Each structure stands twice: as C-alpha cells, then as structure tokens.
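In our numbering, the protein residues as written are 4 to 195. Every residue, glycine too, gets a C-beta built ideally from N, C-alpha and C. Here the structure is a predicted model, which is why all the values come from computation and not from measurement. Below is one structure, written out as structure tokens; comments come after it.
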Ligand code: HEM
C-alpha cells in the first residue's frame, strides 16, 4: 500500500478550525448576553474561513479543488445507486455525494455568517451592519440566522454519521487522513 498525500495542510487547518469555531458559536450563541462580543468575532472568523475555502477550491491542492470532486447530477446519482448496491468505488478525495455535502455545509455557513452581520438583538445590539437594513428585514434576517443554525447542525449530524458509516460498513477510517493528510492508496482507489 502506498501512502498518498491527499489533504493539504491549509485544508486540514480549515476543517478543524471550522469544527472548533462552530462549536464555539453554538456555545456563545446560547450565552449571548455574556458572550455576544466573542460570538461576533467567531462569526467573522467563520466568514473568513469560508472565503478562504472558496478561493482554495480553485487554487489549492489537487484534492481540495472543486473541479476534483464536484460532479453533475448523473454521476452523483450513479454513485448513490452504486452505494446502495455496495459496488461504489473508493475515492481518494471526496466522493460525489460527499462533494455536494461540502457545498451544502459551506453554503449554510455563509448564510449563517452573512445573516449574522445584519441580525439584531433589541437589548445588546447585534451585527455590525444591522443599521443598513429596515427593522422588518432585520427581524427576518435575525430569524433566518437563528433558524438556519438548526439546518447546519442537521447537516453536520449527517456529515459525521456518513463518516462513521464509512468506518463501519467499508472499514475505512476517514478521520485520520483529515488529521495527517495521508491516505492509503489501494489498487482500487479512484484517484480522480
Ligand atoms: C461543525 C462540524 C463540522 C463541519 C462544519 C465540517 C465541515 C466539513 C467540510 C466543509 C469538509 C470538507 C473539507 C474540505 O474539502 O475542505 C469536511 C470534511 C471532512 N470532515 Fe468535517 N465537519 C465537521 C465536523 C466533523 C467531525 C466531528 C469529524 C470527525 C468525526 C469530521 C470529519 C471529516 C472528514 C473525515 C472529512 C473528509 C471526508 C472525506 O474523506 O471525503 N468533520 N468537513
């Protein structure tokens, strides 16, 4: 078995930084009265990470590029069918379903961050751009900011469950490569 360097350092730092920040945003959102200032800083950091990842998707390492793992509807459905039939090929980078999950996660994180800029808290203040929108729009964006966090958490649950399922049903540990950068490349690995 050869070891192949799949996840470059920026991608790994992005990932684990994001995990820590989402956890922190959850906590600081729950204790908003005391931690609003830090919640805002965490929000800026997440927006910066998402912006970085969008850029990295075009100029980053081979397996980090969107062109490497984003597939059209046909190939994605084909992969899903193969998964059900237990004949899905192994991918070194993200598989087609995982690729779309990443798009969904990034989109929800961006939505969270952007709506947070305009969200308002009657007592404590709120996002730095809240003065730019009407009161009604501010209310809508605040509700969206709060409600869409639940959607983000649901996506994260599916994300982690599929990584666990990979471990249980395919016997492949995906977490270690996200820590070390290296994957073992068997003969069957689809190198993309
Ligand atoms: C707040 C929680 C999380 C978020 C927002 C998140 C988001 C993401 C994103 C955006 C990627 C794509 C990485 C890239 O190409 O840049 C990814 C991949 C990955 N994540 Fe997470 N993640 C979260 C939690 C976790 C946890 C708790 C684990 C470990 C159990 C995990 C394990 C992985 C692995 C192994 C991959 C690579 C999957 C593959 O091999 O295709 N993630 N995650």
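Within 10 angstroms of the Cβ of residue i, are there 16 or more other Cβ atoms? Answer buried if so, exposed if not.
i, result
"residue 137", "exposed"
"residue 108", "buried"
"residue 71", "buried"
"residue 42", "buried"
"residue 56", "buried"
"residue 22", "exposed"
"residue 89", "exposed"
"residue 180", "buried"
"residue 170", "exposed"
"residue 2", "The chain is shown from 4 up to 195; residue 2 falls before or after that span and cannot be answered."
Per DSSP, residue i is paired with what?
i, result
"residue 123", "129"
"residue 187", "6"
"residue 82", "Answer is none; residue 82 lacks a bridge partner."
Under 7 Å Cβ to Cβ from residue i, same chain only, skipping five residues before and after it: list those, please.
i, result
"residue 82", "91, 98, 99, 100"
"residue 145", "122, 123"
"residue 154", "111"
"residue 68", "60, 61"
Grab me the residues of residue i's own chain with a C-beta within less than 8 Å of its C-beta, minus the 5 sequence neighbours each way, in chain order.
i, result
"residue 31", "38, 39, 41, 42, 45"
"residue 215", "Outside the displayed range of the chain (4 to 195) lies residue 215, so it cannot be described from this structure."
Closer than 6 Å by C-beta to residue i: which residues in its own chain qualify, once you throw out the five before and the five after it? Chain order, please.
i, result
"residue 73", "102"
"residue 25", "none"
Strictly under 9 Å for the Cβ-Cβ distance: is residue i near chain B by that measure?
i, result
"residue 45", "Reference to chain B is not applicable here, since this structure consists of a single protein chain."
Using 8 Å for Cβ pairs, my map puts residue i next to residue j. What's the rounded Cβ distance?
i, j, result
"residue 162", "residue 111", "Actually they do not touch by this definition, with Cβ atoms about 11 Å apart."
"residue 130", "residue 120", "4 Å"
Report task. Kindly confirm or deny that the stretch 140-149 and the stretch 175-192 touch, where touching means at least three C-beta pairs closer than 8 Å. Result -> no
**Report entry** Touch test, the stretch 60-76 against the stretch 8-18, Cβ-Cβ under 8 Å, three pairs minimum
**Finding:** yes
Query raised in the report: Would you say the stretch 13-30 touches the stretch 44-54, given that touching needs at least three Cβ pairs under 8 Å?
Result: yes
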